[in-house]
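First comes the structure, then the notes that go with it.
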Amino acid sequence: MKKIIEVKDVVTQFGKNVVHDRLNLHVNEGEIYGLLGPSGCGKSTLMREIIMLEQFKSGSITLLDQKIENISQKNAQELRLKWGVLFQSNALFTSLSVAENIALALQEYSDLSQECILDVVAYKIDIVGLKQGDGALYPSQLSGGMKKKVALARALAMDPKVLFLDEPTSGLDPISARDFDRLIMKLRDLLNLSVVMVSHDLTSINHTLDRMAVIDNKVIAAEGTLSEVKEIQSPFIERFFGME
Amino acid sequence: MSEDFLSIHIETQGAQTLYRFRGHSNLHKVADFEQTLMASMSTFKERDVIFDLSKVSALDSVGALLISKAIRVAEEDARSLLLVGENSEVRKMLDMVEAHTHKKHDFEPQKKNCFYNIGLYIGENLQMLNTFLAFIAQLTITLMSSLYAWRNIRLKETFFEIYESGIKALPIIALTTFLIGVVVAYQSAEQLKIYGANIFIVDMLGISILRELAPMLAAIIVAGRSGSAYAAQIGVMKITEELDAMRTMGFDPYVFLVLPRMIALMIMMPLLIFFADFFGVLGGMLIAKIDLDITVSLFMDRFVEVVAIKHFWIGLIKGPFFAILIASIGIFRGLQVKNDTQSIGFNTTRAVVESIFAVIICDAFFSIIFTQLGF
């Protein structure tokens, strides 16, 4: 299977505080991959390093065959069009309506006609389970769950190869959260998407993740499928999965 | 593979049109395809259509949407349409698109006519006046009750604000008023020289700076520095629900946030004006020496002689009033921030514009009142 993301010996340090001490992991194509760990272990930081929002001190990250530690501006920009990112706080542009939020990347980066862009927007709005009428609303008029769906639709706008989700089910009610899980799995199957998510949601972890990495104490405590990870002796893993 | 983008080859076979699709779709290179497909679908309106998708390796959602749209166009014209040769991936994409597609789009936020907008504008502003009065009332209540229970005044926050909006503003106020002193003195020196009335520069500078220029400049700088800071700080605290958190924990934001800023500015404003007086006159004195040969001691003697102390006090007394205006407008604007990022910018701008405007209006009133009272 093709490796779509490879993290090698990554060290992260903020001042004197070492966050990651030689992390190694890889994500295969078409996989839903989870980054787990206790609060403050640097899961989100690792994800932010992969999507080039933060710098790491040493090591190497390869994403879609590009080494991102010494990537050129041009390649970086190309790479940014191949992924979609869903932020924990959704980060919708407040000055734009829902439809405009979703259409923004298409308008900037593709040469499609306006009508075709609206078709795509309508399709993405439907696919994430929103009503067509929601397209005219502004983010400040939406509920938390709707905002999450709009953010997902925006992340999917360019048909990305990789989807990064930062705690996608946090702040959703259990029913919406399970719907969200199903949606992610459906999209993965249909679009051959690879998904990397940071999550604390046990149900979501059990149902959706193909493989996962547990970061604890600055290193990868375990990597593999759910049953493989549960085998590993670690106080965090025992407590985390023992909650069920 | 990477260069083989989606394209069509159109053939006519008797009464039928055969569309041979090939390649894979990529939304960056699909505009030509869109045009060809849609143009030909509307050209050959009465013909039956066969879509041959056997050479299509993959479809993304844009490609699938376009093909499904062409299919729909054919169906609406009651033409027979045959889809052949699509592989299972392509079939899956087409099915998915069909299940989620919508013909009509109405994503335009509702636009209202101009009468509605004028009414809305007036209504909102009246509402705003209402809320501002309510804010002032709440502020007065807090202020009065903290006079009784003066221990409630948050000394630590007040001192912090005194440092932030008072002490830290000293350098910029000193520099600005010094330069204004220089400019005013220089310009009037040119005129006074003509009449040989050099010594009157002292009268002119003394009265204009102490009475009007220094208080105004200090207030405008403070409005720009602290008025905007108050609006932005409190606005962000509102968005991040910090204000709500304080309320639920029983901390009155008026006591914790509003009063310290208010009191700090009221204490510091007269001091800043005093400072501004000093540096403004200093600038004037410098020009008087260089340009008009008036020595420092001569300047001082004349200053004490002609500039009555009342001018100094009138300038100073305006300070607390300006402070109340600046602080209350800045804080009020901060509290008006709604739950989106744009309204921070909007309200910060309004805070500065409105507080400078209020300061100038207030100064005009003082000017008239004091003159009428004979000061």
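Chains A and V, in that order, are what the protein sequence lines are.
Residues in the first sequence are numbered consecutively from 1, following our numbering.
Residues in the second sequence are numbered consecutively from 245, following our numbering.
Built from N, CA and C at the ideal position, the CB exists for glycine as well.
- Burial state of ASN101 of chain A is buried, judged by a 10 Å Cβ sphere holding 16 or more other Cβ atoms.
- The DSSP assignment places complete beta strand (DSSP E) segments of no fewer than 3 residues inside the region 255–329 of chain V at 260–268, 292–302 and 325–328, in order along the chain.
- Interface residue (Cβ-Cβ distance to chain A less than 9 Å): LYS482 of chain V is not classified as such.
- Taking a beta-carbon distance threshold of 9 Å, GLY42 of chain A does not count as an interface residue toward chain V.
- The C-beta of VAL85 of chain A has 16 or more other C-beta atoms within 10 Å across all chains shown, which makes the residue buried.
- Close to chain A, meaning a Cβ-Cβ distance shorter than 7 Å, are the following residues of the region 260–288 of chain V: LEU271, HIS272, VAL274, ALA275 and GLU278.
- Distance between THR492 of chain V and ILE483 of chain V, taken at the CA atoms: about 16 Å.
- Taking the beta carbon of ASN583 of chain V as reference, the chain A residues within 7 Å of it are SER140, listed in sequence order.
- Bounds of the alpha helix (DSSP H) holding GLN114 of chain A are 114–127.
- In terms of beta-carbon proximity, VAL121 of chain A lines the interface with chain V, with at least one pair separated by less than 9 Å.
- For GLY30 of chain A, the closest of A:GLU49, A:LEU187, A:LEU104 and A:LEU130 by C-alpha to C-alpha distance is A:LEU187.
- Contacts between GLU352 of chain V and chain A, judged by CB atoms closer than 7 Å, involve ALA136 in chain order.
- Here TRP83 of chain A is bridged, per DSSP, to A:VAL162.
- Under a 10 Å Cβ-count criterion, ALA76 of chain A is classified as exposed, with fewer than 16 other Cβ atoms of the shown protein chains found around its own Cβ.
- DSSP places ASP179 of chain A in the helix class (H, G or I) of the three-state scheme.
- The Cβ atoms of VAL466 of chain V and VAL581 of chain V do not sit closer than 9 Å to each other.
- If the five residues before and after THR45 of chain A are omitted, its C-beta is found closer than 7 Å to the C-beta atoms of THR12, VAL19 and GLU54, all from its own chain and listed in chain order.
- LEU152 of chain A and VAL128 of chain A do touch by the CB rule: their CB atoms are close to 5 Å apart, below 8 Å.
- Within chain A, the residues placing a beta-carbon under 8 Å from that of LYS313 of chain V are ASP119, ordered along the chain.
- Going by DSSP, ILE612 of chain V is part of the alpha helix (DSSP H) stretching over 586–616.
- In this structure, the CA atom of PHE180 of chain A is about 18 Å from the CA atom of LEU35 of chain A.
- In this model, GLU167 of chain A and LYS336 of chain V are separated by some 29 Å (Cα to Cα).
- GLY224 of chain A has A:MET212 as its beta-bridge partners, per DSSP.
- For SER541 of chain V, the uninterrupted alpha helix (DSSP H) segment begins and ends at 540–550.
- Not one beta carbon of chain V lies nearer than 9 Å to the beta carbon of LEU86 of chain A.
- Taking C-beta separations shorter than 6 Å and ignoring five residues to either side along the sequence, the partners of ILE507 of chain V in its chain run THR402, following chain order.
- A straight line joining the alpha-carbon of CYS41 of chain A with that of MET47 of chain A spans about 12 Å.
- Interface annotation for the region 585–606 of chain V against chain A: THR585 and GLN586, criterion Cβ-Cβ distance under 7 Å.
- Under DSSP, PHE249 of chain V takes part in a beta bridge, and its partners are V:HIS268.
- Using a CB distance cut-off of 9 Å, SER301 of chain V does not count as an interface residue toward chain A.
- Look at the beta carbons and you see the region 259–275 of chain V touching the region 291–310 of chain V: at least three pairs across the two are nearer than 8 Å.
- Contact annotation for THR345 of chain V against chain A: ASP119, ALA122, TYR123 and ASP126 [CB-CB distance below 8 Å, chain order].
- In summary, the residues of the region 146–176 of chain A whose CB is separated from some CB of chain V by less than 8 Å are MET158 and ASP159, in the order they occur in the chain.
- Contact with chain A is absent for LEU457 of chain V, since none of that chain's Cβ atoms lies less than 9 Å from the residue's Cβ.
- Pairwise C-beta distances place the region 140–148 of chain A in contact with the region 80–97 of chain A, as three or more of them are shorter than 8 Å.
- In the three-state reduction of the DSSP assignment, GLU54 of chain A falls in the coil class.
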